[in-house]
Amino acid sequence: MTIKTFYINQEKTAFVKAYMLDNISGLKFCEKRPGIIIFPGGGYEFCSDREGEPIALQYLAQGYNAFVVNYTCNAKFPASLVDAAYTFYKVRMRAEEFGVDKDKLAVLGCSAGGHLAGCLATMWGDVQITKAIGCEPEDLRPNAAILCYPVISGVTAPHEGSFKVLLGEEASRSDLSRLSLENRVTPKTPPVFIWTTANDDCVPAHNSLVMAKACISNKVPVELHMYDEGPHGLSTCDKATGWHEMFYLDNCRRWIGLSVEFLNKYMNV
Numbered sequence: 380m381t382i383k384t385f386y387i388n389q390e391k392t393a394f395v396k397a398y399m400l401d402n403i404s405g406l407k408f409c410e411k412r413p414g415i416i417i418f419p420g421g422g423y424e425f426c427s428d429r430e431g432e433p434i435a436l437q438y439l440a441q442g443y444n445a446f447v448v449n450y451t452c453n454a455k456f457p458a459s460l461v462d463a464a465y466t467f468y469k470v471r472m473r474a475e476e477f478g479v480d481k482d483k484l485a486v487l488g489c490s491a492g493g494h495l496a497g498c499l500a501t502m503w504g505d506v507q508i509t510k511a512i513g514c515e516p517e518d519l520r521p522n523a524a525i526l527c528y529p530v531i532s533g534v535t536a537p538h539e540g541s542f543k544v545l546l547g548e549e550a551s552r553s554d555l556s557r558l559s560l561e562n563r564v565t566p567k568t569p570p571v572f573i574w575t576t577a578n579d580d581c582v583p584a585h586n587s588l589v590m591a592k593a594c595i596s597n598k599v600p601v602e603l604h605m606y607d608e609g610p611h612g613l614s615t616c617d618k619a620t621g622w623h624e625m626f627y628l629d630n631c632r633r634w635i636g637l638s639v640e641f642l643n644k645y646m647n648v
């Protein structure tokens with residue numbers, strides 16, 4: 380495996396860690412692997428290490444090349460989204476270098492990172508973003524999105540901290556609505572896989588419900604898993620991310636295998 384780190388802003392405060400599996404001689408699959416671009420959570424105030432490499436390793440084990448993005452934090456919208464879009468564009472345009480199939484690139488985000496991944500999945504055609512990157516809208520469209528206990532809505536049971544960072548303390552309802560992803564889903568949104576827990580006391584499960592409902596209304600393929608119990612920030616639900624022997628973890632950690640099956644189906648892996 381090769382690991383590379385590259386910066387994605389001029390200040391060199393935002394960067395990507397790329398994990399690329401070695402090719403196996405004679406196996407055609409290895410020449411163009413599917414790729415997954417991961418946005419950790421942290422309320423847009425920091426990027427959680429627990430939701431970066433540990434998740435990347437799970438997808439590497441399934442034959443995916445993985446890219447963990449430490450995007451710009453503590454900055455108003457669209458700073459983080461520009462980082463996300465630039466990363467996605469760079470990986471797609473340099474697919475041969477990164478050993479991925481440019482038509483099999485998914486995004487994954489946890490918590491506020493789920494909002495960021497969801498922004499790219501629903502706002503890839505936004506003129507403000509395509510102009511900042513200097514590309515065509517289709518260049519930024521992910522082939523699928525995995526949203527883990529995501530922040531979605533600034534109106535329905537919002538995670539107030541995330542939206543305060545994005546919009547400031549005195550955000551108007553119209554601004555909150557504009558960044559509420561349930562309002563940004565269209566029939567051109569890529570397939571979406573969502574998981575959460577019913578008793579998440581940080582980012583209420585209502586966020587996942589309204590996103591799933593928006594996908595259904597727009598005929599976007601969507602799969603939603605709501606586990607009955609589990610705290611916020613479960614990541615891989617194992618010791619590698621700080622979770623030990625709890626009776627609900629075996630149930631929750633199924634999200635990894637289920638999400639891989641979903642990606643394989645909709646990206647034709």
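Heads up: the sequence shown begins at 380 in the working numbering, then just goes up one per residue. For glycine and all other residues, C-beta sits at the position ideal for the given N, C-alpha and C.
The residue from Thr501, Glu539 and Asn444 with its alpha-carbon nearest to that of Ile417 is Asn444. By alpha-carbon distance to Leu545, the top candidate from Leu487, Val447, Cys452 and Arg520 is Cys452.
An exposed status is given to Val506, since fewer than 16 other beta-carbon atoms sit within 10 Å of its beta-carbon. Taking the Cα positions, Leu613 is about 13 Å away from Met605. With a 10 Å radius around the Cβ and a threshold of 16 neighbouring Cβ atoms, Arg552 comes out exposed. Taken atom to atom, the span from the alpha-carbon of Ile434 to that of Glu476 is near 22 Å. Approximately 19 Å separates the beta-carbon atoms of Gly405 and Val479; this is outside 8 Å, ruling out the contact. Leu400 places its beta carbon 9 Å or farther from that of Ser638.
The Cβ-Cβ distance between Tyr528 and Asp579 falls below 9 Å.
Straight-line spacing of the CA atoms in Arg563 and Val648 works out to 27 Å. For Val601, the pairing in a beta bridge is given by DSSP as Val571. In this structure, Ala511 sits away from Val571, with a CB-CB distance that is not shorter than 9 Å. Per DSSP, reduced to three states, the secondary structure at Pro537 is coil, with no helix or strand assignment. Assignment of beta-bridge partners to Ala523 by DSSP yields Ala485.
If you compare the alpha carbons of Arg412, Gly420, Ile525 and Phe456 with that of Ala474, the shortest gap goes to Arg412.
Nearest to Arg632 by C-alpha distance, out of Asp617, Asp462, Phe425 and Phe641, is Asp617.
For Lys383, the beta-bridge partners assigned by DSSP are Ala397. For Tyr438, the secondary structure class from DSSP, reduced to helix, strand or coil, is helix. Classified as exposed, Pro566 has fewer than 16 neighbouring CB atoms from the shown chains inside 10 Å of its CB. Using a 10 angstroms sphere on the CB of Lys469, the tally of other CB atoms reaches 16 or more, which defines it as buried. In its chain, beyond the 5 residues on either side, Met399 have a beta carbon closer than 6 Å to the beta carbon of Thr381.
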